[in-house]
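Colleague: Following our numbering, the numbering of the sequence shown begins with 1433 at its first residue and continues without gaps.
Ideal Cβ placement from N, Cα and C applies to all residues, glycine included.
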Amino acid sequence: MTTAPRDDHATPGNEVPGAPGALGAPEPPGPPGTRPRRGRAARPRRARAADPAWARPALIALLVLTGALYLYNLSASGYANSFYSAAVQAGSESWKAFFFGSSDAANSITVDKPPAALWPMALSVRLFGLGSWQILVPEVLMGVAAVAVLHAAVRRRFGAAAGLIAGAVLALTPVAALMFRFNNPDALLALLTTVAVYCVLRAVEGARTGWLVAAGVAVGFAFLTKTLQAFLVLPPLALVYAVCAPAPVRRRIGQLALAGLALIVSGGWWVAIVELWPASSRPYIGGSQNNSFLELTFGYNGLGRINGNETGSVGGGGAGGGGAGGSRWGETGIGRMFGDSVGGQISWLLPAALILLVAGLVLTRRAGRTDSARAAFLVWGGALVTTLVVFSFMAGIFHEYYTVALAPYIAALIGMGITVLWEERARPAARAVLAGAVAVTAVWAWVLLGRTPDFVPWLRWAVLVGGLVAVLGLLSAGRLGHRLALGAAGLGLAASLAGPVAYTLTTLGTGHQGSLVVAGPASARGGPGGGPGGGTGARGGPSAEGGLAAGGGMMPPGAAGGQGQGPGRGPGQGQGQGQGQAPGQGQGPRQGMDQGRGQGQGGQPGGGQGRRAGGEGPGGGGQAGGLLNGPEVGSAVVSRLTENASAYTWAAAAVGSQNAASYQLATELPVMPIGGFNGSDPSPTLAQFQQYAADGEIHWFIDGVEGGGARGRGPGGDSSGEIREWVAANFTKVTVGGTTLYDLTSPQ
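1) DSSP beta-bridge partners for residue 2179?
2) Taking 8 Å as the cut-off, decide whether the C-beta atoms of residue 1579 and residue 1599 are in contact.
3) Would DSSP call residue 1523 helix, strand or coil?
4) What do you get for residue 1639, buried or exposed, if any count of 16 or more other CB atoms within 10 angstroms of its CB means buried?
5) Which one or two residues does DSSP pair with residue 1851 in a beta bridge?
6) Put residue 2086 into one of helix, strand or coil per three-state DSSP.
7) How big is the Cα-Cα spacing for residue 1897 and residue 1903?
8) Three-state secondary structure (DSSP) at residue 1762?
9) Go ahead and pull the three-state DSSP assignment for residue 2106.
10) Name the DSSP bridge partner or partners of residue 1812?
11) Just reading off the alpha helix (DSSP H) that residue 1778 is part of, what are its end residues?
12) At the level of alpha carbons, what is the spacing between residue 2097 and residue 1518?
13) Judging by CA-CA distance, which residue of 1930, 1660, 1642 and 1566 is the nearest neighbour of residue 1870?
14) Kindly indicate which residue of 1762, 1507, 1822 and 1515 has the alpha-carbon position closest to the one of residue 1662.
15) I need the DSSP call for residue 1557, collapsed to helix, strand or coil.
16) Going by DSSP, which residues form a beta bridge with residue 2133?
17) Would you check if the distance between the CB atom of residue 1595 and the CB atom of residue 1847 is smaller than 8 Å?
18) Under the three-state reduction of DSSP, which class applies to residue 1949: helix, strand or coil?
19) For residue 1504, does the count of other Cβ atoms within 10 angstroms reach 16, so buried, or fall short, so exposed?
20) Residue 1511 by DSSP, collapsed to three states: which one?
21) Alpha carbons only, please: which of 2180, 2169 and 2151 is nearest the one belonging to residue 2161?
22) Do the stretch 1522-1532 and the stretch 1552-1562 touch if we need at least three Cβ pairs shorter than 8 Å?
23) Under the assumption that residue 1844 contacts residue 1928 (Cβ atoms under 8 Å), give the Cβ distance between them as a whole number of angstroms.
24) Figure out for me which residue from 1905, 1828, 1536 and 1737 has the closest Cα to the Cα of residue 1717.
25) Report yes or no: do the stretch 1686-1704 and the stretch 1643-1659 share at least 3 C-beta pairs separated by less than 8 Å?
26) Suppose you measure from the CA of residue 1684 to the CA of residue 1605; what does that come to, to the nearest Å?
27) Exposed or buried, residue 2035, counting other C-beta atoms within 10 Å across all chains shown (16 or more means buried)?
28) Does the structure place the stretch 1852-1867 close enough to the stretch 1623-1630 that three or more beta carbon pairs sit under 8 Å?
29) Could you tell me whether the Cβ atoms of residue 1690 and residue 1641 are closer together than 8 Å?
30) Are the beta-carbon atoms of residue 1532 and residue 1539 separated by less than 8 Å?
31) Once the 5 residues before and after residue 2167 are set aside, which same chain residues still bring their CB inside 6 Å of it?
32) Just the Cα atoms here: how many angstroms apart are residue 2119 and residue 1670?
33) From the DSSP output, in three-state form, read off residue 1716 for me.
34) Since residue 1922 is in the alpha helix (DSSP H), which residue starts that stretch and which ends it?
35) Taking 8 Å as the cut-off, decide whether the C-beta atoms of residue 1564 and residue 1506 are in contact.
36) Between which residues of its own chain and residue 1549 is the CB-CB distance below 6 Å, once the five residues before and five after are set aside?
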């Protein structure tokens, strides 16, 4: 297929192929070895004045609507992931905690990620005080910014309509609507990688060094957001610029070297300071076993995510553990993105994006080396394929919401691909490909919606029928009038977006808390003990972002509740059983995220069930703490912890970051998280903790589970378990509102 005029005239967004700026047209020539002029004639796009009158108002409406949707019901999520919210609170109180990303203002240990994602939230809390909106509004602004940057990147080469489609697809992707309203690092990562692609595309236009360096800076700060995941976008960015930039080879290599230097500086300055800072005067690096950020980067947060050897993880390291084709974090393979727990998050338009990627590359196959349209398809498509392959086959910790990284790439390809095929609709092959993309999307949406049969049951059939009608219209577009053809295209787009829009709207209407969060209706949320369609459901993992092993809910050291296990029993149903360690019994038929049923014995708040622990225990119960979320903290406990708190460095200490976070957010006082997120970090050691207690630096030890419980065990030893046993043997126990405390100033 080659480019051909759609009509016998050219209008903005309908350029005659071969004209400057048209699809597949060569870039304006210049003297050998020189850069194209910066004037309008050298730009491979229409002048801004040529945009249709509706373009700017439509963009403003898109951004305003995105912001309004993301702000709706925002406070329902409370502190969202309390692990990160506690670090935000600490950073708002202490600049040292702000810089290092410490879990508490007294700087005992950091979160298990670099701190860039915490900085905007901490500044917001420092300015406006601690609260749900103060923490989450910066995430919403990141989402609006990502839509704006994506629109600008796509519109620049493919026109206003393509930019609007891409921006709308991103905003309405379920996992994007989830994560741009949540306080995990993924929101900032998605924004920065989108900025990096935009900068590279600007650089490719005229071999502009400044834009390429800006891309390196964006990737560098993305590294400070989520370490090596940021580098997944590097191969396509570097290769496309090296091949497509309109400059001599030597210059291209030199520019890439400068961009690499910018990346190293922007991503490495913080790492260098942390590694050179005396370990005795900085917090312990959470997630590492040797107090080293480099170990964390290349181990637990790096290669460990690929091969499954995540030292310090719950249950220790060890490869995958799932055998061929899987790991303990779920099945691996190219089908992972389409599986029960992940498909509804991101895959609605994924098949269409891949089809349109191939179509775009075919359409531009005869273009010159420097063609910016082909470069755009290569960059967005390369980023999608690279990230897709890694996510599909990684044997380490994987969670559904990681897939938000794919959302901008899919959205860009949808906007670009629809536009170029629409411009080529005079050709039967182009119409067939466009109709095929709509058909595949409609059928796949029918499958996905069939996994949640109780959720708007008529929608799946409306999508299927609407999509097939649109397919017939698109196939006949050459014989239809312009308005009828445009109506068929609009119907196809509406049918393609109906499923993700429905999932997005239900996501916006629901609060999300804890470490394991997924978009969509409750019946679509797979979980240990009941993923849709059977099996293990969601693939959790013991990281700051979440922590359940497939088929079993591993709670961290000292956490209330126990292990939830059970086979999947069809869409949205499962059974979970859990045993807590505290005396007393409680049965709680509380709905879990996967609508599972469970009952548990004991438990400080109660037994575990399905994906979310619940039930009743001493003191009236509440939500279980642990990898899912921290425990609910009653006013009596808050009152006790705040007594004379100014006399101590830490008001209290608790095993596991999620447990400590809840008490810290309730009191706004430093609470030491023993063992970090998983409770398996050797910080502090028993000797260090004994010295803290002897020096009167910690007032209370919070023990949410009596009589033992799960303990984090890493290569550094069972520090958290040893500390807990030493405290129980040597200090006075006090029960306050159903919570067990030990007064470290009152030896037995």
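Modeller: A quick look at the data gives this:
1) 2163
2) yes
3) helix
4) buried
5) DSSP lists no beta-bridge partner residue for residue 1851.
6) strand
7) Computed Cα separation, rounded: 10 Å.
8) Looking at residue 1762 - three-state DSSP - the assignment turns out to be strand.
9) strand
10) DSSP links residue 1812 through a beta bridge to no other residue.
11) 1775-1778
12) Distance between the alpha carbons of residue 2097 and residue 1518: 6 Å.
13) 1930
14) 1822
15) helix
16) 2085 and 2174
17) Their beta carbons are under 8 Å apart, which means residue 1595 touches residue 1847 by this criterion.
18) coil
19) exposed
20) coil
21) 2180
22) yes
23) Residue 1844 to residue 1928, Cβ: 15 Å. No contact.
24) 1536
25) yes
26) Going by the C-alpha atoms only, they are around 36 Å apart.
27) For residue 2035, the predicted model reports a pLDDT of 33, less than 50, meaning its position is unreliable and no value from the coordinates is stated.
28) The stretch 1623-1630 makes no contact with the stretch 1852-1867, as fewer than three CB pairs between them are under 8 Å.
29) yes
30) yes
31) The same chain holds no residue with a CB closer than 6 Å to that of residue 2167 once the five nearest residues on each side in sequence are set aside.
32) Those two C-alpha atoms are separated by around 49 Å.
33) strand
34) 1914-1940
35) Result yes, Cβ atoms of residue 1564 and residue 1506 sit closer than 8 Å.
36) Around residue 1549, the same chain offers 1617, 1620 and 1657 as residues with beta carbons nearer than 6 Å, after the five sequence neighbours per side are excluded.
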